Amino acid sequence: MLVSMVQMLRDAREQGYCVPALGCGNEHQARACIAAAEQASSPLILLVIYEVVPSFETIGRGVLRVAEEASVPVSVILDHGKTFEQVMHAIRLGFPDVMLDCSALPYEENASRMREVVRVAHAVGVGVEAEFGHVGMGLGTGETADHSVYTDPDKAVRFVSETGVDALAVSIGTAHGAYEGTPELQFGLLAELREKVPVPLVLHGGSGSGEENLRNACRMGVAKLNIAHDLYCGALRALEDADFTGNGAYDLYNVVFHGIEAAAAHAIDICGSAGKV
Ligand SMILES: [Zn+2]
């Protein structure tokens, strides 16, 4: 069933586990992630990025439909929305949650854009995630972990109260996509954020961040963990291992499905969300 992440994340925060938020390039990938979540009785969030999919309209509708058919609660969120217009498009399609990422902008501009989005989204029951501090966009984007700006806890508290956002993505040392090496996460900072910030915390850049790091982060109060790159890698590994001789090529989509499903199951395990439905 399709639900908003807002209550899902409040439950996770209260009960000390994390909801996996898995990158989704099309309906097939969504189905694979949902299969893993159904198998584990885990709540799930699917991430759709506007510019990454060939048609946000078509893929967005498809992913929403697949989420509706799931036997576990699934949210679909516009991930890293860049503009007010993208957010409106997602809301019109029926997305239960949206993220607007203005984290590279100065405080006042980030806050005022978030206030505008929160006002319209909340008017129609849609949840809103913001990012405060900045998580680097990762290898190949010209932006590495060095471009990350750690989240200041006191400013984050002010930001949440001034904007009314439902969830806050924080920066504690991860970056998006692939890494060179394993990052050092700032667990002291995470503990302080968990203590002070009154809404569920989100960690982006979960892929390649080190399994122990992520398990700790989930135990310490991250309520939503974004993972995308690792799912694609799961598909690639499965393709490398597959035998496509003879009529094996017909198995292409099944192989990709099971590769993503296995990576999604691993993410669910890290989050500790199995059996939480
Ligand atoms: Zn992200």
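Numbering (the working numbering), first residue to last: 24 to 300.
We treat Cβ as the ideally placed atom computed from N, Cα and C, and that holds for glycine.
The structure presented is a predicted model; accordingly, all values stated were derived computationally and were not measured.
For residue i, three-class secondary structure by DSSP
i	result
G204	coil
S184	helix
A251	coil
E74	coil
M24	coil
D266	coil
V158	coil
L67	strand
D189	coil
P96	coil
G271	helix
A44	strand
D175	coil
H145	helix
A55	helix
A297	coil
H170	helix
A127	coil
M137	helix
H227	coil
V86	helix
Cβ of residue i within 7 Å of any chain C Cβ
i	result
I100	The structure shown has no chain C; it contains just one protein chain.
CB of residue i within 7 Å of CB of residue j, strictly
i	j	result
A58	E203	no
P223	A246	yes
V158	H227	yes
L108	V86	Per the sequence shown, residue 108 should be read as Glu rather than Leu. No.
N249	G229	yes
V89	P66	no
L208	M243	no
V225	A179	no
G187	V143	no
L45	L254	yes
G298	S64	yes
I82	V75	no
H281	A261	yes
S126	E154	yes
Contact set for residue i: own chain, Cβ-Cβ below 7 Å, skip 5 residues either direction
i	result
H103	I72, M122 and D124
L101	V71, Y73, Q109, V110, A113, F118, V121 and M122
Spatial neighbours of residue i in its chain, beta-carbon cut-off 8 Å, leaving aside the 5 residues before and after
i	result
S27	S98, P119, D120, G148, V149 and G150
Buried versus exposed, by CB contacts within 10 Å (16 or more), residue i
i	result
M31	buried
T268	exposed
A53	buried
D189	buried
Y273	exposed
L36	Note that residue 36 is Arg in the sequence shown, not Leu. Buried is the call here.
D177	exposed
N133	buried
V95	buried
N172	For the record, residue 172 in the displayed sequence is Val; it is not Asn. With fewer than 16 Cβ atoms within 10 Å of its Cβ, V172 is classed as exposed.
L135	With the sequence shown as reference, residue 135 is identified as Ser, and Leu is not the correct amino acid for it. Under this definition S135 is an exposed residue.
Y276	exposed
S184	exposed
A55	buried
M353	Nothing can be reported for residue 353: it is not among the residues displayed for the chain, which extend from 24 to 300.
Cutoff 6 Å; reference residue i; Cβ partners in own chain excluding five residues on either side
i	result
A286	D253, L254 and G257
H170	G159
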